[in-house]
Amino acid sequence: MNLTHIEHLGIAVKSIEESLPYYENILGLKCYSVEEVPDQKVKTAFFKIGQTKIELLEPTSEDSTIAKFIEKRGEGIHHIAFATPNVSEALAEAESKGVRLIDPSPRKGAEGLNIAFLHPKSTCSVLTELCEDPNKK
Numbered sequence: 001m002n003l004t005h006i007e008h009l010g011i012a013v014k015s016i017e018e019s020l021p022y023y024e025n026i027l028g029l030k031c032y033s034v035e036e037v038p039d040q041k042v043k044t045a046f047f048k049i050g051q052t053k054i055e056l057l058e059p060t061s062e063d064s065t066i067a068k069f070i071e072k073r074g075e076g077i078h079h080i081a082f083a084t085p086n087v088s089e090a091l092a093e094a095e096s097k098g099v100r101l102i103d104p105s106p107r108k109g110a111e112g113l114n115i116a117f118l119h120p121k122s123t124c125s126v127l128t129e130l131c132e133d134p135n136k137k
């Protein structure tokens, strides 16, 4: 699979507003984007550190996957995302190697990226996201 770098780490939080002071005042990072992704029932906040981003994920609905994650496991690391030049190709390769897919084809995610998730039952219990920036093709 052609992965170029860790695109971001997704961290589930109950409240972005309550989490921001830690990332900005303690760690010294600057939040550069807050965005709601309605179809995923999530609000996101992004920080950049080197080539990698940190994505805070706040549920916007009690039935969102992030709300369910927090209820079951508490706040914390939710997923790791890898950048790839072509999500469709990466999905096909993963599936051909027996990896269970959550998303059989790419969909739009935060920041306009094409994304898809691999099921943690096939990825050593780590929810894995593949990200492709359509502007960098």
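Going by the UniProt record's numbering, the first residue of the sequence shown is number 1, and it counts up by one from there.
Ideal Cβ placement from N, Cα and C applies to all residues, glycine included.
Closest by C-alpha distance to Lys53, out of Leu127, Leu118, Ser125 and Glu111, is Glu111. Membership of Ile80 in the beta strand (DSSP E) is indicated by the continuous run Gly76 to Ala83. Annotation: Ser61 to His78 spans about 17 Å, alpha carbon to alpha carbon.
Its chain contains Ile115 as the residues whose beta carbon lies nearer than 6 Å to that of Gly109, once the 5 sequence neighbours on both sides are disregarded; these appear in chain order. Positions of the beta strand (DSSP E) runs, each at least 3 residues long and wholly inside the region 20-59, are given as 31-37, 42-49 and 52-59 in order along the chain.
Here DSSP, grouped into helix, strand and coil, assigns Thr123 to coil.
A Cβ-Cβ separation of about 21 Å leaves Val87 out of contact with Ile66 under the 8 Å criterion. In this chain, the beta strand (DSSP E) harbouring Thr128 covers Thr128 to Glu132.
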